[in-house]
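Engineer: Top to bottom, those sequences are chains A and B. According to this note's numbering, the residues represented by the first sequence are 28 to 371, in order. According to this note's numbering, the residues represented by the second sequence are 622 to 883, in order. Glycine included, each C-beta is placed from N, C-alpha and C at the ideal position. Below you will find the structure I want to go over with you.
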Amino acid sequence: MTETDTERDQRADTPSGRRGSGWATLLRIGGAWARMKEASILAVTLVLFLWFFLRYPISFNSADNYHVVAQFVAPVAILAAGEVMLLICSEIDLSAGNAFAVAPLIMMLLHQDGIPMGLAVVIALACMAVVGITNGVVTVKFRVPSFVTTLGMLFFLTGVAATISHGNPISAPTEGFLPHLLGGSYWSEILWALAIIAVMHTVLVGTPFGVHAISTGGNLLGAAEAGVRVDAIKITNFAMSSVLAGFAGILDGFRITSFDPLAGGPELMFQAVAACVIGGTALLGGSGTVLGALIGATFLGILRDGLNIEGISAYTFDIILGLAIIAAMLLNVSLIRLRGRRRV
Amino acid sequence: MTDDDGVTSAPVPDDAIRVEHVAKSFGSVRALAEVNLHVAKGEVLGLIGDNGAGKSTLMKILTGYHRPDSGQVVVHGEPVRMRSVSHARELGIEAVYQDLAVVDTLPVYINMHLNKELRYSPLPFLRRREMRERARRQLDDMGVNVPDVRSEIRLLSGGQRQAIAVARSVYADASILLLDEPLAAMGAKESTIILDLVRRLRERGDIAILMIAHNYHQIVDVCDRVNLLQHGRITFDKRAAETSVDELMEIVSREYRLGRAG
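Shown next as structure tokens:
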């Protein structure tokens, strides 16, 4: 049961679905497609892909280059999967990029003290769960805006990362099963990212938890009135965001064989939020899409990589990225209006 | 006062809910002095009263949000001390507030099942198709007209939203339904949707409805009985058939004049 299933059923069931010449069918399919939350960004991403594909058939269209894109997309998409769930609840996690840096450092320090790698990973992620739960409890129980709670956590974790690593990167082990599984193998990181996206998408569109998250963001009082445990939902999502970000940090470090206390940070976190927004998740709460966040991350990855091949500087890239985010938001808003009109 | 005007205040066995001598103060402000009222199964009681008369305090006591200082609430013949909103709901008391109960960005059928989703237990996956069919059937049964149960709530009119909130409460096994100004901010056409729904529920006869409203025409139209809450007391209790809009207007304005004189 996915959103797309619903859309498909809808096409078949609505009265207009039963009559139809070829044109009507075409219009209807086009209309249903345009109503999909992810449609506009998917189209834009495909166009962008084709553009670079046709322009640079050799340098862009190669396994190595796709790997470069995947390296960028994977951590952004994993962080975005956590952020989407929070944005849907009308919250945000500004500290995710720092959980990304801290978790692998905790893991490595434990490992250096003789704790097996597998256990070290579990403990590091448990620490991130504590970080997320702290974000959540402070936010919902003490009614501190999550923007402030997680801003504080951002600086706190920055300090923790610098302190426990003494400011130096720690090199990652390259031998063994776990380092290979967790990011070391060539395509490992992006496969993890896709798996995480698939799970989170299913959670959002296919389970009561997803429905409750949407109701928490869409109508906090009403959801609480209906008995939805809004506080627990939010705290869980904060915990998931921190754990996912920490896990992404572990994957990324094993890939580049080094864990840097300055890795990730606000820049990665904001790229993840940008991926969510470009993918069709408004910062208004009550709606959002995990799949869109993946497509948004892919859009950013292709854009960055393609402009690199073009020889455009990183400075220019940020200008284009900034404009792309605002344009995506505008498109998203007008598409929501379009969907609204068509349905009634 | 209750004695001359009232038809009956004596407890009847099939009363779904009975409020006995309930008082509630907030600091030095006495919100409810002593409230006695009762609603039988299958009956619609209209509650009128000025702003500040204590209606919302009474509502909050009946939904378990506040606890009375003294007196008791009797549900289906059993005196109960409601601990919480969810406890009240377990007792079969469901409240519908103006525009509060539905989630704009979720489809109608999910709203109908909010927090009571059907799933493939023990797996946590939603049975969307069954929820859609059930929601459609329930809305058809109650005569609530919605173009498509997959429409997001935000695309519906105020009357439709309210009707869906009421329908959800009814299908949540509510035996006592509290409607807090269900017609506020609604046009005549919109109000008809809700009034028809209340009438249909009365015909079914398995649910007790307490409805707070300002429009006396509508109260006399759909309610079996009318109570007036003034200064924290029920000062008027009559069958709707035995009173009229004019009488209600007269009582309320008389009270207003007395209040000004005193």
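When you compare the CB positions of B/Gly853 and B/Arg639, do they come within less than 7 angstroms of one another, or not?
Structural biologist: no
Engineer: Would you please verify whether the beta carbon of A/Val167 is less than 7 angstroms from any beta carbon of chain B?
Structural biologist: no
Engineer: Enumerate, from N- to C-terminal direction, the unbroken alpha helix (DSSP H) stretches of 4 or more residues contained entirely within the region 301-346 of chain A.
Structural biologist: 317-337
Engineer: By DSSP, does A/Glu30 sit in helix, in strand, or in coil?
Structural biologist: Residue confidence is low: A/Glu30 scores 42 on pLDDT, short of 50, so the model does not pin down where it sits. No coordinate-derived value is stated.
Engineer: For A/Gly249, return the contacting residues in chain B, with the cut-off set at a CB-CB distance below 7 angstroms.
Structural biologist: Leu721, Ala722, Val723, Val724
Engineer: By how many angstroms is the C-alpha of A/Thr176 removed from the C-alpha of B/Ser796?
Structural biologist: 43 angstroms
Engineer: Would you mind telling me which residues of chain A sit closer than 9 angstroms to B/Ile731, beta carbon to beta carbon, in chain order?
Structural biologist: Val238, Ile241, Ser242
Engineer: Using a Cβ-Cβ cutoff of less than 6 angstroms, which residues in the same chain neighbour B/Ile814 once the five nearest sequence positions on both sides are dropped?
Structural biologist: Gly780, Ala784
Engineer: Could you work out which residue in A/Val270, A/Gly233, A/Phe87 is closest to A/Gly338 when comparing CA atoms only?
Structural biologist: A/Phe87
Engineer: For B/Asn736 and chain A, any beta-carbon pair shorter than 7 angstroms?
Structural biologist: yes
Engineer: Under 8 angstroms by Cβ, that's how I've got B/Asn848 and B/Leu679 pegged, so tell me the actual separation to the nearest angstrom.
Structural biologist: Not confirmed; about 10 angstroms, so no contact.
Engineer: Taking 7 angstroms as the CB-CB cut-off, is A/Gly233 touching chain C?
Structural biologist: Checking the listed chains, one finds no chain C in this structure; the protein chains it contains are A and B.
Engineer: If you count every other CB in all the chains shown that lies within 10 Å of the CB of A/Ala128, and 16 or more means buried, which is it?
Structural biologist: It is buried - the Cβ of A/Ala128 has at least 16 other Cβ atoms within 10 Å.
Engineer: Cβ of B/Gly692 within 7 angstroms of Cβ of B/Val706?
Structural biologist: no
Engineer: How many Å lie between A/Thr41 and B/Phe746 at the Cα?
Structural biologist: At A/Thr41 the pLDDT is 43, less than 50, meaning the model places this residue with poor confidence and gives no usable figure here.
Engineer: Ignore the nearest five residues each way along the sequence and tell me which others in A/Arg282's own chain have a CB closer than 6 angstroms to its CB.
Structural biologist: Gly210, Glu216
Engineer: Using a Cβ-Cβ cutoff of less than 8 angstroms, which residues in the same chain neighbour B/Pro689 once the five nearest sequence positions on both sides are dropped?
Structural biologist: Val643, Ala644, Lys645, Leu653, Ile682
Engineer: Take A/Met155 and list the residues in its own chain whose beta-carbon comes closer than 6 angstroms to its own, dropping the five residues that flank it on each side.
Structural biologist: Ala126, Ala130, Ser269, Val270, Gly273
Engineer: Quickly, what does DSSP pair B/Ala829 with across the bridge? List them, please.
Structural biologist: B/Ile797
Engineer: Please work out which residues of its chain come closer than 8 angstroms, Cβ to Cβ, to A/Trp214, disregarding the five sequence neighbours upstream and downstream, and give them in chain order.
Structural biologist: His94, Ala97
Engineer: I want to verify the contact list: residues of chain B whose CB lies under 7 angstroms from the CB of A/Ala253, in sequence order.
Structural biologist: Against chain B, the beta carbon of A/Ala253 has neighbours under 7 angstroms at Ala722, Leu735, Asn736, listed in chain order.
Engineer: When you compare only the Cα positions, how much space is there between A/Thr263 and A/Gly306?
Structural biologist: 23 angstroms
Engineer: Can you give me the start and stop residues for the alpha helix (DSSP H) that A/Gly109 sits inside?
Structural biologist: 90-115
Engineer: Does the Cβ-Cβ distance between A/Pro102 and A/Ser192 come in under 7 angstroms?
Structural biologist: No, the Cβ-Cβ distance between A/Pro102 and A/Ser192 is not below 7 angstroms.
Engineer: Residues of the region 678-708 of chain B with a CB closer than 8 angstroms to any CB of chain A: list them in chain order, please.
Structural biologist: Val706, Ser707
Engineer: Using a beta-carbon distance cut-off of less than 7 angstroms, what residues from the region 734-766 of chain B approach chain A?
Structural biologist: Of all residues in the region 734-766 of chain B, only Leu735, Asn736, Glu738, Arg740, Pro745, Phe746, Leu747, Arg749 come within less than 7 angstroms of chain A when Cβ atoms are compared, listed by chain position.
Engineer: What do you get for A/Thr325, buried or exposed, if any count of 16 or more other CB atoms within 10 angstroms of its CB means buried?
Structural biologist: buried
Engineer: Taking the alpha carbon of B/Asp635 as the reference point, which residue from B/Leu879, B/Asp827, B/Ser790, B/Arg704 has its own alpha carbon closest?
Structural biologist: B/Asp827
Engineer: Among the candidates A/Asn162, A/Gly163, A/Phe174, whose CA atom is the shortest distance from the CA of A/Phe297?
Structural biologist: A/Phe174
Engineer: With a 10 Å radius around its C-beta and 16 neighbouring C-beta atoms as the bar for buried, classify B/Val819 as buried or exposed.
Structural biologist: By the 10 Å Cβ count, B/Val819 comes out buried.
Engineer: If you measure from the beta carbon of B/Leu799 to each beta carbon in chain A, is any gap under 7 angstroms?
Structural biologist: no
Engineer: Any idea what DSSP makes of A/His138, helix, strand or coil?
Structural biologist: helix
Engineer: How many Å lie between A/Asp279 and A/Trp219 at the Cα?
Structural biologist: 11 angstroms
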